[in-house]
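Step one of this worksheet: look at the structure below.
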Amino acid sequence: MSAVWVACRAAVRRRRLQTVVVGVVVGMAALTLVFALGLLSASHRPFEQAFAAAHGAHLTATYDPTTVTDARLRATRTTAGVTAAAGPYHTATLPRPMSGARTRLPEGTVLVGRASPGGPVDTLTLRAGRWARSAGEVVVGADAGRDAVGQTLTGQGLPTLTVVGVASSATGTASAWVTPAQVAAYPTTGVQMLYRFADAGDATALQADLARVRAGLPSGALLGSENYLAVRQDFQKQFDQILPFVTVFGALAAVVALIIILNVVSGAVVAGVRTIGVMKAIGFTPVQSTAVYVGMVAIPAVVGCLVGDAVGSVLGTLAVRTLGADLGLPALPAVDASTDLLAGVTVLAAVVGTALVPSLRAGRLPAARAISPLAGARAGRFRRVQRFLAARSLPTPVGLGLSLPFARPARTALTLVTVVLGALTVTLSTGLHDSVTRITSAMNGDALPIVVQSGDLTRAQVEARLRALPGTAALAGSTHFPAHLVGIAAEMHIVAYRGDSAVVYRSLLSRGRWFAGADEVVVSEAFLRVRHHRLGDTLQLTGGGRRVPVRIVGTVFDADSNGITVGWATATALGGEPAQAGGAVHAPRGSGEPLEYSIALAPGTDPDTYQASLRRAFGSALTPVSPAGADSAPVFDGLFLAFTVLLCVSAALGVLNTAVLDTRERARDLGILKSIGMTPRQVVAMVVVSMGALGAIGGLLGIPLGVLSHHRVLALTGDLIETGMPAHFVTVYRPVLLVLLCLAGPVIGVLGALLPAARAGRMSTAPVLRSE
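Per this note's numbering, the sequence shown starts with residue 560, numbered consecutively.
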């Protein structure tokens, strides 16, 4: 086999451009495949590993300190099935919000007294700063951001707190932590115990664990509990949002790579017919001849696959750890080596299988036919098309360029498919970018979210001041409070709106309409899917000792299966208090006055100028809120941009390979044309026109396929995260955008043709004709 190896190496050196093209496109395919498989694997196994490393709490139980003593709670550590426990930690609930320059602890924030971030259960990860050591110090959750350290938080009638650290909990056991002595300065609202169990695989097992823990405690001691399953589900949903996109782009990259490889090898066989004849004449068997052409592709493919595997593994690990950090998990493990191996073997197997198809032709080709001077000459269809276009009075470079693709129909078809996939990718990624932008905007009601600490102002006065600001088009206030549905044990997450909520949040509506009265509600799409309800069904809401029948009139884009949106009148009916002077209506008892607002700006209003007006109107009482989804939008945009560039570069390389093969095969024709007066500029124009026309056709075919793929990917994502997908998020392709997208195909074709066109234009005539 040494002769085969020598011939392979010679082929690789002789066809340097094709070698680079194969290595690059295979590397890109391996990169995307490793990245996709890494995310798929990370959505399951690494969460369990990271959760165990953080000693995450399977169950967080809050007890009534007036009913059970700390000593009784410590005794629950020895309950059968408990493998580890931490606590008791005394907790307090902020009766009013506390705000700093850029950080805010809202009303209802749970403060937990802990002496250190470590412990047998729920080891906290310090993201910045240090742990609280003395009174007046607080460690806030990771949502506050690293720049929260050093800020001073104040609240009406509350002790001032200085942020000394930022930490995260794998199970979200608290929003902020202080020293045990500091928490005693607030009215104690509960005592927290954290447990890990031997059997905590599902909700049934956790219910049994909780029953054993509370069996030896007084009746009414348990105020509430929360398990880790919701965190695991949130982690899964983080990946479910990305996986459809990555899977589609990964499949496109693999298809483009295989098409280019098929094109490269078949082109090499056609261009090297005489070389095949010479090899066979000196003793190469059909198997050896086939092996030479497979090896010519396998060598750069192995190098590209190794590089792509390494880069994909690094990027996959970074993505997994970023998403894990958002959920408070410690550093997740890197993408498993078995994933790299699986991706590499899959890509190489596909490459070899694809290269084998045209390589078998080289093995079957008889030596006498291959070595013939007329081997591979097939100009009949090509000449007929040339004569037809010449009769149309087109400029010579245009007529010749348009006929060039007909010389090799099979190669042209493969190149056309490559361009179609490139245009499809540009169309798909552009649509996905616009959809993610609309989703992010709609999650905030297409508005500016803020929080105002009212102080001595009534809500009516705050809202009057907001509406008076130039640029305010609509205003919606909101508050959150718990309630229940008759017959369902789980607590519902109620959001009550006042003001112009129907205007501000209309883009979030999936089906039906917005509520119009106290007896109507809008629920999350996930609520309907999980609880098997339909529009028009009647629910019985209970809260504040009252029961209110409500009818479902619409659904919103929301993955919370317990999410219900109501009007202020419904909130008042569930235990609200009468209006105070000035027309302000209080929220339900225990929820406090809502200070959260979403402001829809009038068309043409500059957001920065408007926010400056807000700061002048409210001063330090104003706390801007980071838009929902603002952190994830750059992640999606980065993925879309990266995959689009990778696939468009691959498509352009495919066009480049075709243009190189065409110009090399037509070297004699080009020499004759230049000898009779065709200028180098006309030669360049001819090659560019041939690939540009192919790109234009590919663009027209790729755009509708890209639009269809966009719709299917969004529908699949909506099903995976159980939110559905409102039409507003799907219908993003405007006529002007579609016209601009039509340029994607020609641009790919022209960019891929420029280098070989320039080389053809510089080609010397005499050497080419002498070789003939």
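In this text, a Cβ means the ideal position worked out from N, Cα and C, and glycines have one as well.
- Closest in alpha carbon position to D761, among Q792, M752, A743, is Q792.
- Within the stretch 848-881, not a single complete alpha helix (DSSP H) segment reaches 4 residues in length.
- When the five nearest sequence neighbours on each side are left out, the beta carbons in the same chain lying within less than 6 Å of the beta carbon of C1301 are those of G1258, in order along the chain.
- DSSP places G1236 outside any beta strand (DSSP E), giving it a letter other than H or E.
- Annotation: A566 to G854 spans about 9 Å, alpha carbon to alpha carbon.
- Between the C-alpha atoms of R1225 and V1242 there is a straight-line separation of about 12 Å.
- Counted as a single uninterrupted DSSP element, the alpha helix (DSSP H) harbouring T1131 occupies residues 1127-1132.
- Look at F843 here: in three-state DSSP terms it is coil, with no helix or strand label.
- Between P1239 and A1316, the alpha-carbon positions lie close to 9 Å from each other.
- Taking C-beta atoms under 8 Å as the contact rule, P739 and A674 qualify, at a distance of about 6 Å.
- Secondary-structure assignment with DSSP links W736 through a beta bridge to V671, V698.
- Beyond the five residues adjoining it in sequence on each side, E1281 comes within less than 8 Å, by CB distance, of E1084, A1085, R1088, V1089, A1118, S1120 in the same chain, given in chain order.
- In the pairwise beta carbon analysis, the stretch 583-595 is classified as not touching the stretch 746-755: fewer than three pairs are separated by under 8 Å.
- Per DSSP, the continuous beta strand (DSSP E) segment holding Q1099 begins and ends at 1097-1102.
- A direct Cα-Cα distance of roughly 14 Å separates G1236 from P954.
- Burial check for R663: the Cβ neighbour count within 10 Å reaches 16 or more, so the residue is buried.
- In this model, M1250 and L901 are separated by some 36 Å (Cα to Cα).
- Looking at the backbone, the Cα of A612 and that of A729 are separated by about 10 Å.
- The alpha-carbon of S988 is positioned some 12 Å away from that of L1273.
- Cβ-Cβ separation between L1100 and A1042: approximately 5 Å, consistent with a contact (criterion under 8 Å).
- In this structure the stretch 1213-1220 touches the stretch 962-981; the number of beta carbon pairs closer than 8 Å is three or more.
- Per DSSP, the continuous beta strand (DSSP E) segment holding V1109 begins and ends at 1105-1115.
- Across the set S848, A595, A1130, the C-alpha of S848 shows the shortest separation from the C-alpha of A914.
- When Cβ pairs closer than 8 Å are counted between the two stretches, the stretch 1022-1036 is seen to touch the stretch 1061-1069, the count reaching three or more.
- Here Y754 carries a strand assignment [DSSP, helix/strand/coil].
- If you look at T711, you'll find it in the beta strand (DSSP E) that goes 711-714.
- In this structure the stretch 692-701 does not lie against the stretch 631-641, because fewer than three pairs of beta carbons, one per stretch, are closer than 8 Å.
- Under a 10 Å Cβ-count criterion, P917 is classified as buried, with 16 or more other Cβ atoms of the shown protein chains found around its own Cβ.
- A distance below 8 Å between beta-carbons, with the five flanking residues on each side excluded, links D1059 to the following residues of its chain, in chain order: A1033, L1034, A1035, A1159.
- For E1084, there is no enclosing beta strand (DSSP E); the residue is found in the alpha helix (DSSP H) stretching over 1084-1090.
- Here E1281 carries a coil assignment [DSSP, helix/strand/coil].
- In this structure, the alpha-carbon of D1167 lies about 15 Å from that of F1177.
- Here P1294 is exposed, its C-beta having fewer than 16 other C-beta atoms within 10 Å.
- For the pair G749 and V723, the Cα-to-Cα distance works out to about 24 Å.
- Distance from S1209 to A816 at the Cβ level is roughly 7 Å; contact confirmed, criterion being Cβ atoms closer than 8 Å.
- A Cβ-Cβ contact shorter than 9 Å links V1021 with V1011.
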